[in-house]
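The number in our numbering is simply the position in the sequence shown, starting from 1, with 2 added.
Just so it is clear, CB atoms sit at the ideal spot from N, CA and C, and this is done for glycine as well.
A quick note: this is a predicted structure, and the numbers were derived from the prediction, not measured.
To start, the structure under review is shown below, and the notes come after it.
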Amino acid sequence: MASICTAVDSVGKLEFGGKTRPRCLSFVDKYLDIITSVGFGGAIRAQPGGTLNVLDPIDHAKTKNITEVVYDILRCSLIHEADLPFNVQFTSDAFYGVRNGVFLVPPTFFYAMLFAVVASPKMNGKLVIDSVQINWRGKPFPINQLMGDTAAVRIYLGL
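Put into structure tokens, the structure is as follows:
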């Protein structure tokens, strides 16, 4: 999962340049439809350039823009701490929010970020070794065929 976060940062650097936080936020924002649709299991789809405020995983009395949650809570915690904050856990359920005092995040958020990396035009011409297989909703995700083709990734995901 930390590797996917690193890939988001690296491709964000190729697309936007600049400092880490702004480029990562810009990257997440550009692919917000992919990240929210996949990350929330199809229940929510925010448009690129839009704003989606969700419950703040750290302070449950507040909301936070989903782009900041992805960067501040998921990416930074996994990259800098190799763990999630004490009150944030992954769940196998398609659930995002607080349950029994613990903030739960579905691991589909990492598929979402991987799909956004694949969708980036900066990935055009890049290849992944053939032995890497990802299945999404019971069918293979053709990484090498979709690499760098934003429109094709969105079509594959039904967006």
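Can residue i and residue j be called in contact, C-beta distance under 7 Å?
i, j, result
"VAL13", "VAL119", "yes"
"PRO59", "VAL90", "yes"
"LEU161", "ASP35", "yes"
"PHE117", "VAL155", "yes"
"VAL10", "MET125", "no"
Which value, in whole angstroms, describes the spacing of the CA atoms of residue i and residue j?
i, j, result
"THR38", "LYS21", "24 Å"
"GLY99", "LEU106", "5 Å"
"LEU86", "LEU16", "27 Å"
"ASN102", "ASP95", "14 Å"
"PHE111", "VAL40", "7 Å"
"ARG77", "VAL134", "23 Å"
"TRP138", "ILE81", "25 Å"
Please work out which residues of its chain come closer than 8 Å, Cβ to Cβ, to residue i, disregarding the five sequence neighbours upstream and downstream, and give them in chain order.
i, result
"PHE88", "none"
Could you give the DSSP three-state label for residue i: helix, strand or coil?
i, result
"LEU57", "strand"
"ARG101", "strand"
"VAL107", "strand"
"PRO123", "helix"
Hey, is the region 144 to 151 in contact with the region 46 to 60, meaning 3+ C-beta pairs nearer than 8 Å? no
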